[in-house]
Amino acid sequence: MRLERPASFTTRQTHCFRGGRRPKRMKQVLKKIGDWLARTLVVPCAVGYWCARVLFGSNKAFPGWSQLMSLFPGLIGIYLRRAFYWWVFPRCDSGAAICFGTVFSHPTCSIGRNVYVGVFSCLGDVTLEDDVLVGSHVSIMNGSGQHGTARLDVPIREQPGVWPHITIGRDTWIGDRAIVMANVGRHCVIGAGSVVTKPIPDFAVAAGSPAKVIRYRTESGEPSSVGNAG
Ligand SMILES: CC(C)(COP(=O)(O)OP(=O)(O)OC[C@H]1O[C@@H](n2cnc3c(N)ncnc32)[C@H](O)[C@@H]1OP(=O)(O)O)[C@@H](O)C(=O)NCCC(=O)NCCS
Numbered sequence: 021m022r023l024e025r026p027a028s029f030t031t032r033q034t035h036c037f038r039g040g041r042r043p044k045r046m047k048q049v050l051k052k053i054g055d056w057l058a059r060t061l062v063v064p065c066a067v068g069y070w071c072a073r074v075l076f077g078s079n080k081a082f083p084g085w086s087q088l089m090s091l092f093p094g095l096i097g098i099y100l101r102r103a104f105y106w107w108v109f110p111r112c113d114s115g116a117a118i119c120f121g122t123v124f125s126h127p128t129c130s131i132g133r134n135v136y137v138g139v140f141s142c143l144g145d146v147t148l149e150d151d152v153l154v155g156s157h158v159s160i161m162n163g164s165g166q167h168g169t170a171r172l173d174v175p176i177r178e179q180p181g182v183w184p185h186i187t188i189g190r191d192t193w194i195g196d197r198a199i200v201m202a203n204v205g206r207h208c209v210i211g212a213g214s215v216v217t218k219p220i221p222d223f224a225v226a227a228g229s230p231a232k233v234i235r236y237r238t239e240s241g242e243p244s245s246v247g248n249a250g
């Protein structure tokens, strides 16, 4: 967004106006330098993953590297993880923050701008659109049918299942310890400890197990006609 200078501003005020933007720009430059430094540092990890992928396939090679990257604490850890996933995922935006202990199980995730994922979360094959906030100890699974259960003569672990890709829509907030097994729309809130078993429409605030819509964030309090995650 471009900041407009009010017509009544004096020269002195104009100077202050410009000066106020300098620290922000400086911060952005430092962040960019940090990002490129981290991207350089994690190159051996990315190369290690790519070599393992050739030998074992991506689904076997990837989780170990994600677990290793999850172990770096603090801000340095956030930079290193962001850098590793920047190399490995189809998309990991430079504004994303993935906290300590959080692991991904698939290398096909997409992480949007300003996404935040709290500590000790487990994420499957997911797209987190821009501005998504994920609390701590959240589990986002690929649906609920990872194993077939129809047959009794074959162990469950040998029965094929389905792994749908899950999308969490832009500007959605997932509360602590939620379990998400279906798509969640844009601008939603999912209550702490909720279990999402069915797609949640845009603008919904949903909570409980199974998660039910308790209200909508629209002005009318009704579902939006703009579309949903279904
Ligand atoms: C979902 C949430 C935003 C709802 O807040 P709210 O709109 O103020 O809703 P209310 O507190 O008025 O509750 C409305 C109803 O939903 C229920 N409810 C609220 N949150 C719930 C939850 N997490 N699980 C189950 N039910 C919940 C309330 O008990 C209440 O039920 P009632 O009408 O039968 O009394 C909030 O409860 C929540 O879970 N926030 C996430 C907090 C969090 O995880 N923070 C850390 C991560 S950053």
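Per my numbering, the sequence shown starts with residue 21, numbered consecutively. Virtual Cβ for every residue (Gly too), placed ideally from N, Cα, C. Model, not experiment: these values are computed from the prediction.
- DSSP, read as helix, strand or coil, puts Ser86 in helix.
- In the structure shown, the three-state DSSP call for Phe104 is helix.
- Sequence-distant Cβ neighbours of Val233 in its own chain, meaning closer than 6 Å and more than five residues away, are Ala224, Ala226.
- Shortest Cα-Cα distance from Glu242 to any of Gly168, Pro221, Ser229 involves Pro221.
- Across the structure, Asn79 and Tyr136 are spaced so that their CA atoms are roughly 24 Å apart.
- Of the candidates Pro83, Ala66, Ile186, His126, the residue whose Cα lies closest to the Cα of Thr217 is Ile186.
- Leu148 counts as buried, since at least 16 other C-beta atoms from the protein chains shown sit within 10 angstroms of its C-beta.
- Boundaries of the alpha helix (DSSP H) harbouring Val67: 63-76, taken from the DSSP string.
- Taking the CA atoms as reference points, Gly155 sits about 12 Å from Leu143.
- Asp196 has its CB nearer than 7 Å to a heavy atom of ligand 1.
- In this structure Val152 is in contact with Gly132, their Cβ atoms being roughly 7 Å apart against a cut-off of 8 Å.
- If you check the CB distance, Ile210 and Ala198 come in under 8 Å.
- Per DSSP, the continuous beta strand (DSSP E) segment holding Val225 begins and ends at 224-227.
- At a cut-off of 7 Å, the beta-carbon of Ser214 counts as near ligand 1: some heavy atom of the ligand is closer than that.
- Contact check between the segment 193-207 and the segment 176-183: fewer than three CB pairs, one atom from each, fall below 8 Å, which does not count as touching.
- Unbroken beta strand (DSSP E) runs of no fewer than 3 residues, entirely contained in the segment 130-160, are found at 146-148, following chain order.
- At the C-beta level, Pro83 and Ser141 stay beyond 8 Å of one another.
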